[in-house]
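Engineer:
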Amino acid sequence: MRKFNIRKVLDGLTAVSSAASASSAAQQQQAGNRETEIQETLQSEHFQLCKTVRHGFPYQPSALAFDPVQKILAIGTQTGALRLFGRPGVECYCQHDSGAAVIQLQFLINEGALVSALADDTLHLWNLRQKRPAILHSLKFNRERITFCHLPFQSKWLYVGTERGNIHIVNVESFTLSGYVIMWNKAIELSSKSHPGPVVHISDNPMDEGKLLIGFESGTVVLWDLKSKKADYRYTHDEAIHSVAWHHEGKQFICSHSDGTLTIWNVKSPTKPFQTITPHGKQLKDGKKPEPCKPILKVEYKTTRAGEPFIILSGGLSYDTVGRRPCLTVMHGKSTAVLEMDYSIVDFLTLCETPYPNDFQEPYAVVVLLEKDLVLIDLAQNGYPIFENPYPLTIHESPVTCCEYFADCPVDLIPALYSVGARQKRQGYSKKEWPISGGNWGLITQSYPEIIITGHADGSIKFWDASAITLQVLYKLKTAKVFEKSRNKDDRPNTDIVDEDPYAIQIISWCPESRMLCIAGVSAHVIIYRFSKQEVTTEIIPMLEVRLLYEINDTESPDGEQVPPLPTPGTGSNPQSIVPQSHPSTSSSSSDGLRDNVPCLKVKNSPLKQSPGYQIELVIQLVWVSGEPPQQITSLAVNSAYGLVVFGNCNGIAMVDYLQKTVLLNLGTIELYGSNDPYRREPRSPRKSRQPSGGLCDINEGTTVPEDRCKSPTSAKMSRKLSLPTELKPDLDVKDNSFSRSRSSSVTSIDKESREAISALHFCETFTRKNDTSPSPCLWVGTTLGTVLVIVLNLPPGGEQRLLQPVIVSPSGTILRLKGAILRMAFLDTTGSLVPPAHEPWREHNVPEDKDEKDKSKKRRPVSVSPSSSQEISENQYAVICSEKQAKVISLPSQNCIYKQNITETSFVLRGDIVSLSNSICLACFCANGHIMTFSLPSLRPLLDVYYLPLTNMRIARTFCFTNNGQALYLVSPTEIQRLTYSQETCENLQEMLGELFTPVETPEAPNRGFFKGLFGGGAQSLDREELFGESAAGKASRSLAQHIPGPGGIEGVKGAASGVVGELARARLALDERGQKLGELEEKTAAMLYSADSFSKHAHEMMLKYKDKKWYQF
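Just so you know, we're using numbering that gives the first Met the number 0 here: the sequence shown kicks off at 0 and counts up by one.
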């Protein structure tokens, strides 16, 4: 093993010796003795990975159910997910392992259980009496396909209709089939030659549980007598049936048909319907039938004590209403209200005051599940207003293009954002409380504020309060309103670097302390915002145009090998780089007719009224250069203490002083190196070849849905947030559905045509050169080829001088190298604590300062939390640099690499963040192969390595982010955010933090039958279903028909909830309970057998007495 000479490594009083061996074990060991040994407190036991909560609208919803007593809503999806909603803040996500679509959901009302029917012909019973619901039983049908289920209120027998037209009956307690079966050929008339089609409806007569109404798709409806096992009445119609609903008195029912009609039938008049209605049909003269309309997919018939019944239906519009939005129709007496929806209707339910089907229903609201929204309509108010939705279901209002997560923010931030966001709320909502109010909140064990920021395809940005595993929108900012909207397609020739969504947000850089916000958009635009509580009108929007492209003549000069010298520190940039500040671009085409100096978007030149909240400080746009469009921005950073914003792309880097509104730096990436370029590259003319847009391609997640196809912000054009060198095309490894990339082994063999993009930027106050004795403000720049360069910032004094004197920027000559594109940089002080970038505290800029404040501001220096500003010369700092392949810790100012960790050989890191956890810090990484890893700092010891994601796709790669206190998130579907934790402490507290879905509630009293009904009969007729469907009466069902699968049930809930001693105790108690339960069952069975034997002996004795004296011929 070769060792460095210790003298060469000594720097001041710090001695570091490091092994230059490839073995990572040797490189991780702290070599030599430091005067100040950094104690690392984080250990492997501090880490554990688990999902916490899922927010947002359930992606691709397919089923809906409501428990009217518990007041809980359930939504099933096409991917087998189950989302349960109680009062605002009480939400739960579960997943069926098969991933099959949920076709129907049925609550066991007020029992804390739910039955789900899936497209793979399985039934599942979910236990909702635990914080994380689990499956108690499953039943898999083998020979028949499930089409419809019905569970009567307070019954344990579930009716299951199938595609063959048969009805099976399941005991929901044991999840076994009854031997009682209603066969389709017994239900329909014997004379009928055709099959009636699948069962589309089952319900019992509200007044007589012994009568079952069965609807077949073909148009036949049968009223089946369960006791006599025959059909009482058969109702035939020549139009296909979609749904059926009873009147609560059980004398009438209503059917919806495929021709847009509703038929109302009297139970005892099966020959023809009592009434036929075409809600949206045009009534023709001469008494002809109205024209057919689109199918009415569902109808509900709800009665009120005081007035006319409600008939509520979806669909049924006439065919000539082309382009009309989907509608829900509410018919009440003579009035018909047509309520237009933004998306197609998946299902709807009417919420009623009573769970009993044989009482006046008294409907008060309608829950409408749309393809991409959930709407609640108030039926009690005129005009049917909607309720204001308190759930965070609008994440996908415009597709999410990027995401940032901030835990442990300043405490005044959320109230400030909430106060400006409250003014944005719409008016005209229902005055009533949100009716889905079940469940109870969990205990709040996390007290720190958390904020999520989402950037969207339409240019909007949303701030969300994410504290304590909840989510609530705080404030929405529309960045597109600064630009002129194009009237037609011919009017937008400049936006053709993107096909659509030219305002889409690509990168967000936010300083929570100063509240400065900076965004980079897909049209190569950067906007800087300042937070204000005052409304202002901006007469002229401040704007800069930057020409970011290094260019030389096509004919190479004789000394072509020479790299042009860097601009002198005084000038700071090329004189040609700054385009004069004017709204009309300086020139629209170059001498040879190519588009030149034109930005992609046009900034408004009219006064702009800016509401309280985020207000525009400056708009920066990259311009076309000689027919080449500007390249999209790949990295961005803003610093409020320095008043600077910096951004880069595959052409180079630009730095802007947003206080003085000037461009300070505008360099091609190659120019940053000066004469130190390790690749000896040649700056080239942009006209030689058009720059291909490189990056990660989208990977299909099994079956892709057209809506999931990502638009421009998610296409490969935008994907350079991931900092991949443009020439490195990703290969899709089909076997494990993950990313893999081939890399050239030799740095010198990198393709000449490749461009080195700026992939990471970090403002800091540190040592810029080896011989520095004190830290100074600087910018660290990381590139896609693994280079880190340092730029020195010479800032004028604060106050008025800051606005008058120029900021001088100059490359320091410091170059560091890593393998793979640079993703993240951070700095530690001599004790190993994180040194955050300097920032200025927030103050209101739109209020004139008084004299005292002005004096203060003159004296005010930027707040640098860095302890390094007062460090003695002997003390040093550590730079932590994470690339796609490895991480390094470098001692400053000596620039010696003291620790190195090769994170991955075969894959690459998609996201790396330096985060705080348990009063310490670590490096958290998410790899393209699905692994989540954490490393201690500064020694880079591996602390956690968990295979988390079964497959990686572009959306997850684009939105995954870690933050402090062991929190992380990503966009799990186009509409949902999945949050997870890698902290052991949070995992342990999670069970307490989760809300309770089930709360003990008294079931309302059954309706009073009344004296006369009780005396003369009438009223609701009950049925002993056990007597009919139990094994003693109906026998056993065929074993081959369905297979019972026991679920993990409540045991899993306890296993997940508890760990350690508590868990062992809980498991022991559960085992005892189970044993006790089994013993109890055994006792009951023994008692039942004794009773059965006793009754048999009595019966035998009676028979003997009865026939004792009779002769054989008298029998």
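Even glycine gets a Cβ: it sits at the ideal position worked out from N, Cα and C. These numbers come from a predicted model, not from an experiment.
#1: Using the C-alpha atoms, what's the distance from residue 453 back to residue 532?
#2: Taking just the CA atoms, how far does residue 156 sit from residue 167?
#3: Name the DSSP beta bridge partners of residue 356, please?
#4: Rounded to a whole number of angstroms, what is the C-alpha to C-alpha distance between residue 357 and residue 1041?
#5: Pick from 71, 782, 298: whose alpha carbon is nearest that of residue 438?
#6: Expressed to the nearest angstrom, what Euclidean distance is found between the alpha-carbon atoms of residue 813 and residue 806?
#7: Considering only the alpha carbon of each residue, which of 606, 407, 317 lies closest to residue 465?
#8: By DSSP, does residue 417 sit in helix, in strand, or in coil?
#9: Could I get the ranges of all uninterrupted beta strand (DSSP E) runs contained in the stretch 328 to 380, with 3 residues as the minimum, in chain order?
#10: For the candidate residues 343, 200, 126, whose alpha-carbon lies nearest to that of residue 61?
#11: Around the Cβ of residue 447, are there at least 16 other Cβ atoms within 10 angstroms (buried) or fewer (exposed)?
#12: Which residue from 479, 847, 917 puts its Cα closest to that of residue 609?
#13: Using the rule of at least 16 other Cβ atoms within 10 Å of the residue's Cβ for burial, across every protein chain shown, is residue 301 buried or exposed?
#14: Take residue 467 as the anchor and find which of 1036, 669, 979 has the nearest alpha-carbon.
#15: Taking its Cβ as the centre, do 16 or more other Cβ atoms sit within 10 Å of residue 425, making it buried, or is it exposed?
#16: Starting from the N-terminal side, write out each stretch of the alpha helix (DSSP H) that is 4 residues or longer and does not extend beyond the stretch 901 to 980.
#17: Return the CA-CA distance between residue 391 and residue 417, expressed in angstroms with no decimal places.
#18: Measure the Cβ-Cβ separation of residue 946 and residue 955 and say whether it is below 7 Å.
#19: Based on the DSSP secondary-structure assignment, which residues constitute the bridge partners of residue 1116?
#20: Roughly how many whole angstroms lie between the Cα atoms of residue 435 and residue 386?
#21: Whose CA, out of 290, 663, 211, lies closest to the CA of residue 252?
#22: Which residue wins for smallest C-alpha separation from residue 225, given the options 789, 1023, 1044?
#23: Is it the case that the Cβ atoms of residue 900 and residue 934 are separated by a distance below 7 Å?
#24: Following the continuous beta strand (DSSP E) through residue 817, name the residue where it begins and the one where it ends.
#25: Name the two residues that bound the continuous alpha helix (DSSP H) containing residue 76.
#26: Please identify the residue among 200, 52, 369 whose C-alpha is closest to the C-alpha of residue 215.
#27: Using a 10 Å radius around the Cβ and a threshold of 16 neighbouring Cβ atoms, would you call residue 887 buried or exposed?
#28: Between which residues of its own chain and residue 827 is the CB-CB distance below 7 Å, once the five residues before and five after are set aside?
#29: Looking at C-beta atoms only, is the number of pairs between the stretch 779 to 786 and the stretch 905 to 916 that lie closer than 8 Å three or more?
#30: Just the Cα atoms here: how many angstroms apart are residue 515 and residue 671?
#31: With respect to the beta strand (DSSP E) encompassing residue 116, which residues constitute its N-terminal and C-terminal limits?
#32: Which class does residue 558 belong to by DSSP, given the choice of helix, strand or coil?
#33: Under a three-way DSSP split, which group does residue 747 fall into?
#34: Just how far apart, CA to CA, sit residue 324 and residue 338?
#35: Run the CB neighbour count on residue 971, radius 10 Å, all protein chains shown included, and call it buried at 16 or more, exposed below.
#36: I think residue 637 touches residue 508, with their Cβ atoms under 8 Å apart; what is that distance to the nearest whole Å?
Structural biologist: Judging by the given coordinates:
#1: 22 Å
#2: 10 Å
#3: Answer is none; residue 356 lacks a bridge partner.
#4: 33 Å
#5: 71
#6: 20 Å
#7: 407
#8: helix
#9: 334 to 339, 344 to 351, 362 to 369, 373 to 377
#10: 343
#11: exposed
#12: 479
#13: buried
#14: 979
#15: exposed
#16: 953 to 958
#17: 15 Å
#18: no
#19: Beyond the ends of the chain as shown, which are 0 and 1114, falls residue 1116; an answer cannot be given.
#20: 11 Å
#21: 211
#22: 1023
#23: yes
#24: That residue, residue 817, is in no beta strand (DSSP E); it is neither H nor E in DSSP.
#25: Per DSSP, residue 76 belongs to no alpha helix (DSSP H); it is in the beta strand (DSSP E), 71 to 76.
#26: 200
#27: buried
#28: 833, 834, 876, 877, 879, 936, 937
#29: no
#30: 27 Å
#31: 112 to 117
#32: Annotation note: pLDDT 35 at residue 558 (below 50); position unreliable, coordinate value reported separately. Correct three-state label for residue 558: coil.
#33: Annotation note: pLDDT 35 at residue 747 (below 50); position unreliable, coordinate value reported separately. Helix.
#34: 9 Å
#35: buried
#36: 5 Å
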